[in-house]
Amino acid sequence: GGLEPARLAEQPMVALDLARLDALGRVDRESGTAELGAGLRGPRAAALLAEHGLTLGHIPQSWEYATIGGFAATRSSGQASGGYGRFDDLVVGLRVATPVGSWELGRAPASAAGPDLRELLLGSEGAFGVITQVVARVRPLPARRSFEGWSVPDFATGTRLLRTLAAADLRPTVCRLSDETETVGGLARPPRSAGPAAAIGTGTADAAQNAAQDPAQGGCHLVTGYEGAESAVERRAAEVAGVLLAGGARRLDAAAGPDWERGRFRAPYLRDALLDLGIFAETLETAGFWATLPALYAGVRGALAGSLSSAGLSPVVMCHISHLYETGASLYFTVVCAQGEDPIGSWRAAKAAAGDAIVAAGGTITHHHAVGTEHRLWLDAEIGDLGVDVLRAVKRTLDPAGILNPGILIG
């Protein structure tokens with residue numbers, strides 16, 4: 001979008017920087033809401049709320065640099081979604097600047113006054129208006145945070161256990177199940193000291209591939225985390241542990257959970273180091289219903305591996321589940337591969353194959369990365385021609401000249 005404008009280079013472009021919209025407005029402790037400037041970055045928003053003893057509980061991997069407005073415009077989802085919800089679940093109200101006027105949405109905690117128009121702006125990626133303020137639900141800072149590590153026999157067993165937890169309304173605040181390859185590859189439990197080679201695992205790519213070929217080699221790593229009052233954390237952890245132990249899970253050492261929590265922000269910084277080593281690392285994500293999740297996992301994994309292998313490469317394809325719902329879950333794939341002669345072309349082909357596989361298996365083209373330009377090709381298949389027409393009608397109404405983020409979302 002802003003970095004690669006869709007229009008011809010000779011046309012003038014204006015980039016909006018909302019960094020000065022960084023204030024914490026009214027904090028309503030009685031209602032549990034706070035007004036947040038759209039330009040507030042994750043750490044600054046957290047610090048300002050902490051002064052009031054409050055938290056959003058929203059910590060995606062982009063947290064260090066992403067903004068409140070960006071969280072809303074992309075329907076962001078953070079590591080603690082099981083306890084706090086996705087960011088769109090936290091949004092009570094919005095203030096939006098559009099080319100045809102300002103718009104404020106969200107007057108009550110719930111309403112039957114027609115369709116919820118906030119939903120038009122959540123996930124709109126700047127195509128319909130500029131979000132300038134978010135009124136968000138906030139909660140007291142947790143008295144306790146606790147992380148645990150588990151090992152389950154295989155990814156299928158782990159997935160069934162997560163489904164059981166979700167159905168019983170026993171979702172941990174944080175939950176991440178790594179498949180066999182990600183477990184051996186090291187992303188499931190990053191090392192405490194991190195060189196670029198160590199960060200994709202104490203094992204090499206060969207070790208990760210061996211684990212994929214022999215799922216029984218070491219099982220799968222599962223992290224559970226809890227936040228809240230002391231008694232509530234202990235109670236929920238005990239309830240979840242009962243389900244996991246009954247289902248064949250094995251508790252790991254006391255450091256396993258904290259090791260993951262401490263190292264989760266390191267992974268994005270690996271990219272540059274890996275590129276210097278002639279390796280690229282890319283990610284994509286989706287979500288599906290429990291009934292179709294195994295086929296979705298197999299289809300996308302096979303598409304990524306098949307496409308890159310056909311280019312003469314030897315990819316390592318890893319996956320984890322990190323967001324649970326009563327009806328399904330997300331799948332997050334990480335691909336590590338030698339660059340080869342045409343790394344950009346190879347990845348584009350692999351991404352296209354994965355997108356086709358997602359659509360074929362009935363998944364969503366994006367769970368929390370948003371549409372942008374990369375996923376636009378498959379949007380029609382997900383929302384239908386009529387859905388695209390509806391979005392275009394909204395675009396014509398709010399941005400008749402088409403000046404906002406051209407080429408994003410609907411083209």
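Note that UniProt numbering has the sequence shown beginning at 1, numbered continuously upward.
Glycine included, each C-beta is placed from N, C-alpha and C at the ideal position.
Classified as buried, M318 has 16 or more neighbouring CB atoms from the shown chains inside 10 Å of its CB. Counting only the Cα atoms, D272 lies some 10 Å from G278. DSSP places E182 in the helix class (H, G or I) of the three-state scheme. Apart from sequence neighbours up to five positions away, the residues of its chain that approach H323 with a beta-carbon distance below 6 Å are S77, S81, S330, ordered along the chain.
Under the DSSP assignment, F128 falls outside any alpha helix (DSSP H); it carries neither an H nor an E label. In this structure, the straight-line span from the alpha carbon of G123 to that of W378 is close to 16 Å. One Cα belongs to Q79, the other to C175, and the distance between them is close to 8 Å.
The Cβ neighbour count for T327, taken over all protein chains shown within 10 Å, is under 16; the residue is labelled exposed. The C-beta of S307 has 16 or more other C-beta atoms within 10 Å across all chains shown, which makes the residue buried. Taking R95 as the centre and dropping the five residues before and after it, the same chain places the C-beta of E104, T132, Q133 closer than 6 Å to its C-beta, in chain order. Residue pairing of F280 in beta bridges, as defined by DSSP: C337. In this model, S62 and E382 are separated by some 26 Å (Cα to Cα). By the 16-neighbour rule on beta-carbons within 10 angstroms, D179 is buried.
In terms of Cα proximity to E51, the closest of T67, D169, E64, A34 is A34. Look at E148 here: in three-state DSSP terms it is strand. Restricting attention to beta strand (DSSP E) runs no shorter than 3 residues, the stretch 218-299 encloses them at 220-228, 279-289, ordered along the chain.
Inter-residue distance for A241 and R160 is about 15 Å (C-alpha atoms, whole angstroms). Runs of the beta strand (DSSP E) lying entirely within the stretch 24-60 and spanning at least 3 residues, in chain order: 24-28, 33-37. Approximately 4 Å separates the beta-carbon atoms of A357 and A303; this is inside 8 Å, confirming the contact. For A80, the secondary structure class from DSSP, reduced to helix, strand or coil, is coil. The straight-line gap separating the alpha-carbon atoms of R139 and R29 is approximately 9 Å. Residue range 101-105 is occupied by the beta strand (DSSP E) that includes S102.
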